[in-house]
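Student:
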Amino acid sequence: MTAVLDISHLHVFFDVYHALDDVTLSVGRSESFGLVGESGSGKSTLLRAVAGLAPVSSGDITCDGEAITGAHRSRAFFRKVQMVFQDPYGSLHPRQTVDRQLLEPLAVHGIGDAEPRIRRALDEVGLGPSFRFRYPHQMSGGQRQRVAIARALILEPKILLLDEPTSALDASVQAEVLNLLEQVRRDHGLTFVMVSHDLGVVTHLCERLAVMQHGRVVETLTAADLASSRVRDDYTRHLMTASRGFSR
Amino acid sequence: MTTGFETAPVSRRDWLLSDRPTSRMQARLGRAYMIWLRFSANRLALAGLGLILALILVAIFADVLAPFDPVQGDLRNARLLPPGTGSYLLGTDDQGRDILSRLIHGSRLTLAVVGLVAVIAAPLGLLVGTVAGYAGGWVDAVLMRITDIFLAFPKLVLALAFVAALGPGIENAILAIAITSWPPYARMARAETLGVRHSDYIAAVRLMGASPFRIVLRHVMPMCLSSLIVRVTLDMAGIILTAAGLGFLGLGAQPPSPEWGAMIASGRRFILDQWWVATMPGIAILLVSLGFNLLGDGLRDALDPREAGR
Amino acid sequence: MSALLTVDNLKVQYPTRSGLIEAVRGVSFTLGRERLGIVGESGSGKSQTGRAIMGLTTPQAIVTADRLDFQGMDLLKASPRERRALRGKRIAMVLQDPKYSLNPVMTIGRQIVETLRTHESVSKAEARRRALAMLEAVQIRDPERVFGLYPHEVSGGMGQRAMIAMMLICDPEMLIADEPTSALDVTVQLEVLGILDRLVATRGMGLIFVSHDLRLVSSFCDRVLVMYAGKVVEELRASELSQARHPYTRGLLDCVPKIGESRHPLPVLDRKPEWAA
Amino acid sequence: ASPPDTLVEGFAFDDIISVDPGEAFELSTAEITGNCYSMLVRLNPDKTSEVVNELAESWSVSDDKLTYTFKLKPGLKFASGNPITAEDVAFSMERAVKLDKSPAFLLTQFGLTGDNVTEKAKAVDPTTFTLTVDKPYAPSFVLNVLTATVAAVVDKKLVMSKAKPVTPTDKYKYDTDFGNDFLKTGYAGSGPYKVVAWKANEAVVLEANPNYFGEKPKLKRVIYRYMKESASQRLALEKGDIDVARNLEPGDMESVSKKEGLKVTSAPKGTVYFISLNQKNADLAKPEVREAFKYLVDYDAIGETLIKGVGTIHQTFLPTGQLGAIEDKPYKLDVAKAKELLAKAGFKDGLSVTFDVRNIQPVTGIAESFQQTAAQAGVKVEIIPGDGKQTLTKFRARKHDLYIGQWGSDYFDPNSNAETFTSNTDNSDDSKNKTLAWRNAWDVPELTKETQSALLEPDSAKRAAIYEDLQKKVLADSPFVIIYQQVEVAGYSDKVKNFKLGPSFDTNFVYTVSKD
Amino acid sequence: MTVTASTAGRRRARSTKILFDVGRFLVVLITTYLGLLAVTFFIGRVIPIDPVLAILGDRAPASAIARVRAEMGLDLPIWQQFLIYIRQILSGDFGTSVLTTNPVLTDIARVFPATLELATFGTLIGTIVGIPLGVLAAVKRDTLIDQAVRLIGLIGYSIPIFWLALLCLLLFYGKLDWVAFPGRIDIAYEYTFTPITQLFLLDAILQREWDVAWDVFRHIVLPGCLLGYVSLAYISRMTRSFMLTELGQEYVVAARAKGLSERRIIWAHVLRNAAVPLVTVIALSYAGLLEGSVLTETVFSWPGVGLYITNSLQSADMNAVLGGTLVIGSAFIALNLLSDLLYRTLDPRTRAR
Ligand SMILES: Nc1ncnc2c1ncn2[C@@H]1O[C@H](COP(=O)(O)OP(=O)(O)OP(=O)(O)O)[C@@H](O)[C@H]1O
Ligand SMILES: Nc1ncnc2c1ncn2[C@@H]1O[C@H](COP(=O)(O)OP(=O)(O)OP(=O)(O)O)[C@@H](O)[C@H]1O
Ligand SMILES: [Mg+2]
Ligand SMILES: [Mg+2]
């Protein structure tokens, strides 16, 4: 397995708060990797650190052979790595139509054939042309999340960082989005790094996952291990019980 | 395009209100129409709009509408005539000039002051605020220091000083007011930028590799725009009043230009016996700035989805 | 089992520029001293139902019902004052997000005491004592400390417990919990549910539990109402969830991925227009 | 309401910068000094061609007309109780000359300098003071100058006890400020009233001087209350909050005069208002243009409206009442004639000029009226309004085109106005001379000579003839469009008795006033 | 950077953070003052008024003019003048005002209290009347009451204050005789009454001089009410808007669910939350009145700092302008600081733990 994303000894501080404490991870090419853990454990921060949106104080990140330092990211980096955010209500610019939002990455990177690309991207996420000129407030959460995915895909990245892409959605819509993600991954041979607090979702989509607590990775294991309860860490076990629902 | 929607089976209203627009134009018009619907539901706001439109029309057709020459008076025969004397509907001033005609021509000055100040101060404030807010760090510190200095400086003193330095005249008054009125816009834009800066959609644009310049210009600024527009409209009244205040202190317009504030200033000498000389321009200022305020208030409700949602 | 609350053909409508929005379209059910779950996707009218019972819909809402009866009292005919006396005292409601439903500038203790002193004339010291006891009852470890904290100083789970304490301090006969745990972490979620469960069991309250999580509701409640587009499409015992007949209910159950299950792609809901009819 | 023992006047005295008689040269200060200080001689308010003695018992001139000897009245006292001696008189002169403030030139024009003043102005004995001048001037001229407030006698003992030491520089060679700092707001005189307080733009408070040697004033206190506007003065007067309104404009004057319980009084003052044309501007330097502008003022309409009651149309530079003043009024509004003259000068299509105007009435009104009438002849006038000091700065730097100003006689002698309007000893930009002629770059060596000759003409009739000639020449050809002579007005409550305005600003006496 | 070092560093950072905050505040303060100084200095140099003229008057001899020019350092290069100026200010010497010949500090000590008194009066009225009106309008949203309150506010926003002041003066003084003549105090008292704090109303009450207090009140009431109206317009409008925002919050629903009365919800819960941003609004409007009442002061001959600066400016009396500017600037900064502090105490979320 060749690693496409390598993270070693990563530390992130917010002022004095140690949000990521010595995180080391490696994600293989075309692998789907999950991150679970309680709220505030640093899952989102990890993704944002990779994307250059969090203040990394030390540690190394290697992405597709390119060593990255600090917060600066090359232009090429953004064509390799894209991200989908948790809140579909907050990740789309409220004053721009879908068309504008999809056009923007193309304009930034000076990509020419905008028209067919936009149409293709919308098609791919299952939105018809009737959505093209809508504003975010004219769409449902699931539809917005599809637009966010389309926006991430339009630059044809290799790695997609997914930060709880379905947690704001209804169960039924969640299924649709999960299916969509699976499909685009297959079609494009993408590498996924996905955050979720729902073990069901993670095991559904990912082959391997890491469990995080208090800014550390406490355990890395495969989905199969989890399904058959082959876990070492207490916290992982605790999470598993909790996700089975309420019991008196 | 016109044929497009005349042959279409849907009504124009439905076309505008459609939640599945088929073109950029339709989407944009639809949004504007929604705003208009919200706006027009507010009667006071419509009244404000009416007042402003009337002002603009009066300014455009001043030459046609004004019954007399606004600057040439009849000192000997027509001085300080009360309203309704002869054909002087609103009376005459101390140079024997028709007050109505002066008010009509003065609307041009008022409009120019308001328009130009808005055009100078608002973009300046917007630029400073968004850049400071987005860049953070020392850029923010420096820009905000400058803003604070201008904020802490007594506004009218600054304006007075500028007019005194540059010489009187409406252009300089405009510059002076513009120079004193941008800091609040910068503050506001910065606050708004700070709110927007950490949002996911800005993060998404950064992840596209867009330059900070592009982010500020195309993504942050539009977010500040609607509150800026509202604020500017509401400030228009303040601008008119400041200009009038400068005129009142003898520093705004040059005689004989019919600037309303200066008209009040020269009319106040006669307030005891010839009340109309100072009262008429006062009413004009009140009406116009009321118009802008009503308009701004209505725009705020129409543009701010938080308020309009209820 | 005597009915605490009887709802018959409850409707909630909102007049808007583009016509009447029907948020709730004729919901009927009765509630005894039991745990009744209401599930449904977003926008199906769950919260509106709860709020209509409380009388907390916004003023422009039009609320009608053939019957809205709480222990023999016609809620729709009751004066605002009478309804206010009911609220917090006999019917209470826990809102979804503790972050927003606690007054940010008042200490938690004061907010709890306030409920108590609104409905019962007790001395300050007595009120404080009871508030502390209530905080303890919702399993807050250090009630004295939390009593003096502001909402932003406590975690989501603690905030939600404080909210529950605030609503239960007057020993209401009925509690409406509108998605009380969906803002919380999975592990915390279960703790809060545990507390609710114990309180209902010990005090004999009627509970309406609103959620969009079918699995959670089924494991927590006695009875479940499934809502779709402002209507109840199915009502069933929690234990009989697996025998649900309505395709909507089945679909909701099916589309959730579970650990150790391999269904690719996941089944999705195929909404039929006749469901909403 | 105003207290019974106090006279309250509403007065726009924003020109006061100091109440030190050795420093002050402003019109409002003249009134204060006039009421609070004594001088050797005074202008006779009833007959302005005469001077009368005040501190002096008698005076005489030597035959060579160079030495003036004054004998003081006996037993005079300052307000402080110190006796008034010739020493004080000499000190007052020395002080004014050495301080070298604005009014010092009145004395230095007689050849007094810091170095020789102790010699030339000295006390021979406690009651005898002699002044030696450098040329045999007409005695009327010298005595008229000595009535100016700069010659007010200050209390040497008191002043020097308050004097502050200063470090001498090349510019100021003395080691004391001669009490200037103290006297700016303080008082060391012997007049009927003493200055108790001057608060800039708020009030000037005078109190009766118990040591006054003359007839004691009737009222205990006089308060000048700063009020800028005519309308508010009138309002306050009508309400009885002030007893006298000093800056009434024509309309308000009329109303006050008709109102029961109120009266008005007026007195012509030695101040003329004029529009001047800067000769540095080549267009304005053409004689035809100068003349044309004189036809572009609507004298009659202005006289009937804007300055009605507060001024009389007057076209020569000497105010009525001064020696040699003539009343010629050859000009009136005549657009056709002006056009013709302009065409002759090559401005068939008109010309554009700027016009620096103070923000004060009636000048602004007159300027606006002129702007309108000039427009009829194709002269485009751009008014640049400004505060007094601002327009003055420009005027003094000779950077204006047109300027509207006034000139009040520094002392009641024709030379004051003649010198400023007709003499320009050095027309260069860095000239020391700042007369109106210089300020408008009007280079007139002949007129300058003629003006100087009038000074040495001892015969009054001949002297008057020279001034008449000068006035005619200025009327015909100067860059000064003289419009009117000021009439000072006041409205007052009829409770106030004996209120009168004098012929000059330092003769607006309040010590004779009483109240019912 | 190694891990251990960074953790230790963070801990140290926490303890120095307060120190750092204080330091930053001082830097802010100093730079703002320096900025004010520089701007004032600059204004003084560009104004086309010869400052010597203001000192000597129009007819001074050339020698005197040259002497004063040298005394004032006007013949030095600009930067040297600025340095001298700064040095002077730093040593606490604001110079003497040319216009009044008093030390500027003395003048300020007289005129600032006048403005302070007026502005405080206005702000009190604006707050006491404005807040209830705003609350009322928000609670009765879209009713006639709401529209009426809005209109009152909007007119207050739109009316030229100097014009209204003139009309009111005419009516209440000229016609009705309800209020006293422009100025702070009647002539009769001006020279018998010795103020202590220079806030006349307060002084008179402290000294139990009831007739003086009444007279002072009759003077201040009209300009004070006019300023109060302007501030009321702003405060009521902002109160309404903040109340509306707060009324839409979930905690209001929660409070209703508790069975609280509407009145208690509005006044104890909602207004208490709206008060947090309102503090800033009131402080801003107060600051605005402190600096911006030049026009009112002109009409009412109120010897305040606005009038003082305006008069000084017109005489190029830059010492006085600077003094006034710094006072107003300081008042602005102080009010900002105060509102910040109040904000912190009112809003537990920003309170330091
Ligand atoms: N910009 C920031 N400034 C300060 N602290 C931050 C910031 N972003 C995150 N944190 C803190 O870092 C910690 C980790 O946050 P993160 O968002 O990574 O958690 P998470 O695992 O994604 O949680 P959740 O499941 O709630 O999304 C949290 O305690 C959070 O408060
Ligand atoms: N004030 C209002 N005006 C108009 N429509 C409203 C209003 N409040 C709610 N609605 C509508 O009523 C419907 C039901 O809303 P409700 O809040 O009950 O949904 P819900 O089932 O609780 O959904 P969620 O799970 O998202 O909370 C929605 O379609 C909503 O748009
Ligand atoms: Mg997260
Ligand atoms: Mg809900």
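From first to last, the protein sequence lines stand for chains A, B, C, D and E. Each number in the working numbering corresponds to the 1-based position in the first sequence with 21 added. Each number in the working numbering corresponds to the 1-based position in the second sequence with 177 added. Each number in the working numbering corresponds to the 1-based position in the third sequence with 11 added. Each number in the working numbering corresponds to the 1-based position in the fourth sequence with 58 added. Each number in the working numbering corresponds to the 1-based position in the fifth sequence with 630 added. Where is the CB? At the ideal position from N, CA and C, for every residue including glycine. Just so you know, these numbers come straight off a predicted model, no measurement behind them.
Are the region 247-264 of chain A and the region 80-89 of chain D touching, with three or more C-beta to C-beta distances below 8 angstroms?
Tutor: Counting Cβ pairs under 8 angstroms, fewer than three are found: no touch.
Student: Going along chain A in order, which residues have a C-beta closer than 7 angstroms to the C-beta of L384 (chain B)?
Tutor: The answer, in chain order, is A72, F99, Q103 and M104.
Student: Taking its Cβ as the centre, do 16 or more other Cβ atoms sit within 10 Å of S160 (chain D), making it buried, or is it exposed?
Tutor: By the neighbour-count rule (16 or more Cβ atoms within 10 Å), S160 (chain D) is buried.
Student: Can you list, in chain order, the stretches of the alpha helix (DSSP H) that have 4 or more residues and sit fully within the region 276-357 of chain D?
Tutor: With a minimum length of 4 residues, the continuous alpha helix (DSSP H) runs that stay inside the region 276-357 of chain D are 288-297, 308-316 and 345-352.
Student: May I ask you to list, following chain order, the residues of the region 915-949 of chain E that have a beta carbon less than 9 angstroms from some beta carbon of chain D?
Tutor: Answer in chain order: T928, V929, S931, P933, L937, Y938, N941, L943, Q944, S945 and A946.
Student: Just tell me which of C:E52, C:R101 and C:R78 has its CA closest to the CA of M177 (chain C).
Tutor: Looking at the Cα atoms, C:R101 is the closest of the given residues.
Student: According to DSSP, is M104 (chain A) helix, strand or coil?
Tutor: Strand.
Student: Three or more beta-carbon pairs under 8 angstroms between the region 268-280 of chain B and the region 328-341 of chain B, yes or no?
Tutor: With a cut-off of 8 angstroms, the region 328-341 of chain B and the region 268-280 of chain B do not count as touching, because too few Cβ pairs lie within range.
Student: Would you mind working out which of E:E839, E:V851, E:K888 and E:G764 sits nearest G99 (chain C), comparing C-alpha positions?
Tutor: Of the listed residues, the one whose Cα sits closest to G99 (chain C) is E:K888.
Student: Enumerate in chain order the residues of its own chain whose CB-to-CB distance from Q166 (chain A) is below 7 angstroms, with the five nearest sequence positions on each side excluded.
Tutor: So the list reads P109, P186, L190 and V198, once near-sequence residues are dropped.
Student: Using only the alpha-carbon positions, how far apart do E203 (chain A) and D219 (chain A) sit?
Tutor: The straight-line gap from Cα to Cα measures roughly 17 angstroms.
Student: If I measure Cβ to Cβ from A244 (chain A) and keep anything under 8 angstroms in the same chain, skipping five residues before and after, which residues do I get?
Tutor: Correct list, in chain order: G55, V223, T224, C227, E228, R229 and L230.
Student: Any idea which residues DSSP pairs C84 (chain A) with across the strands?
Tutor: In the DSSP output, where bridge partners are listed per residue, C84 (chain A) has A:L26 and A:E87.
Student: Over what stretch of residues does the beta strand (DSSP E) that includes I219 (chain C) continue unbroken?
Tutor: Per DSSP, I219 (chain C) belongs to the beta strand (DSSP E) from G217 to V221.
Student: Let me check understanding here. Comparing Cα to Cα, which of D:N93, D:T186, D:Y230 and D:N482 lies closest to D173 (chain D)?
Tutor: The shortest Cα separation from D173 (chain D) among D:N93, D:T186, D:Y230 and D:N482 belongs to D:Y230.
Student: Is there a Cβ of chain E sitting closer than 8 angstroms to that of M285 (chain D), yes or no?
Tutor: By this cut-off, M285 (chain D) is an interface position.
Student: Please state the DSSP three-state secondary structure of G936 (chain E).
Tutor: Helix at G936 (chain E).
Student: May I ask you to check if the CB of S376 (chain B) is nearer than 7 angstroms to at least one heavy atom of ligand 3?
Tutor: S376 (chain B) Cβ: outside cutoff for every heavy atom of ligand 3.
Student: Taking Cβ positions only, does K283 (chain C) come closer than 8 angstroms to chain A?
Tutor: Chain A, which has no Cβ nearer than 8 angstroms to the Cβ of K283 (chain C), makes this no.
Student: If you compare alpha carbons, which of A:S217, A:M233 and A:L174 is closest to G210 (chain A)?
Tutor: Selected option, being the one with the closest Cα: A:L174.
Student: Unbroken alpha helix (DSSP H) runs of length 4 or more, entirely within the region 350-416 of chain D: which are they?
Tutor: The qualifying runs are 357-362 and 393-402.
Student: Would you say the region 132-144 of chain D touches the region 218-227 of chain D, given that touching needs at least three Cβ pairs under 8 angstroms?
Tutor: Not touching, per the Cβ criterion.
Student: Given a cut-off of 8 angstroms, decide if L42 (chain C) and V105 (chain C) are closer than it, judged by their beta-carbon atoms.
Tutor: Result no, Cβ atoms of V105 (chain C) and L42 (chain C) do not sit closer than 8 angstroms.
Student: Work out the CA separation of I326 (chain B) and F271 (chain D) for me, nearest whole Å.
Tutor: Taking the straight line from one Cα to the other gives about 59 angstroms.
Student: When you check each C-beta in the region 660-677 of chain E against every C-beta of chain B, which residues fall closer than 7 angstroms?
Tutor: For the region 660-677 of chain E, which is checked against every Cβ of chain B, the residues closer than 7 angstroms are T661, T662, G665, L666, V669, I673, V676 and I677.
Student: Does the region 858-870 of chain E come close enough to the region 785-803 of chain E to have 3 or more Cβ pairs within less than 8 angstroms?
Tutor: Touching, per the Cβ criterion.
Student: Check whether the Cβ atoms of V374 (chain D) and I540 (chain D) lie closer than 8 angstroms to each other.
Tutor: One detail in the question is off: residue 374 (chain D) reads as Thr in this sequence, not Val. Yes, they are a contact pair.
Student: Whole angstroms is fine: what's the gap from P420 (chain D)'s alpha carbon to V330 (chain D)'s?
Tutor: Those two C-alpha atoms are separated by around 13 angstroms.
Student: As a quick check of your reading: which residues have a C-beta less than 7 angstroms from at least one non-hydrogen atom of ligand 4, in chain order?
Tutor: Having a Cβ closer than 7 angstroms to some heavy atom of ligand 4 are C:K57, C:S58, C:Q107, C:D189, C:E190 and C:V221.
Student: Take the Cβ of T184 (chain B) as the centre, count every other Cβ of all protein chains shown within 10 Å, and call the residue buried at 16 or more, exposed below.
Tutor: Confidence is the limiting factor: at T184 (chain B) the pLDDT is only 47, short of 50, which leaves the residue's position unreliable and the question unanswerable from this model.
Student: From V851 (chain E) to L113 (chain D), what distance separates their C-alpha atoms?
Tutor: Going from the Cα of V851 (chain E) to the Cα of L113 (chain D) covers about 50 angstroms.
Student: Is the beta carbon of P115 (chain A) sitting closer than 8 angstroms to the one on R172 (chain A)?
Tutor: Contact flag unset, no.
Student: On the three-state DSSP scale, how would you describe E183 (chain B)?
Tutor: In this predicted model, E183 (chain B) has a pLDDT of only 44, less than 50, meaning its place in the structure is not dependable; the value taken from the coordinates is given anyway. E183 (chain B): helix per DSSP, three-state reduction.
Student: Does the Cβ-Cβ distance between V393 (chain B) and V308 (chain B) come in under 8 angstroms?
Tutor: Going by C-beta atoms, V393 (chain B) is nearer than 8 angstroms to V308 (chain B).
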